[in-house]
Amino acid sequence: MRALQFLDRIDDWLAERYPEARRREGFIRRALDEFATEAAQ
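Just so we're aligned, residue 1015 is where the sequence shown starts under this note's numbering, counting upward by one.
Here's what the structure looks like:
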């Protein structure tokens, strides 16, 4: 569960720091989602 909270914090930081990247590409969120899914198993 701590890994998921950590990923959420990274995602929030990326969205705040690089908002234009978030609009251009969804790969960061997709990669975090895939990692979170694997970590939860």
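For each residue, glycine too, the CB sits at the ideal point set by N, CA and C. Since the model is a prediction, treat every value here as computed from it, not as a measurement.
Local conformation of residue 1055 per DSSP, three classes: Annotated three-state conformation of residue 1055 is coil, per DSSP.
task: Below 8 Å on the Cβ atoms is my guess for residue 1021 versus residue 1050; work out the distance and round it to an integer in Å.
output: 5 Å
task: Determine the direct distance from the alpha carbon of residue 1034 to that of residue 1018, and round the result to whole angstroms.
output: Near 24 Å, if we compare the C-alpha coordinates of residue 1034 and residue 1018.
message: Can you list, in chain order, the residues of its chain with a C-beta nearer than 7 Å to that of residue 1053? Leave out the 5 residues immediately preceding and following it.
response: 1017 and 1018
- request: Quick one: measure Cβ to Cβ for residue 1044 and residue 1025, integer angstroms, because I've assumed they're closer than 8 Å.
  value: Not quite, the Cβ-Cβ distance comes to about 11 Å (not below 8 Å), so this is no contact.
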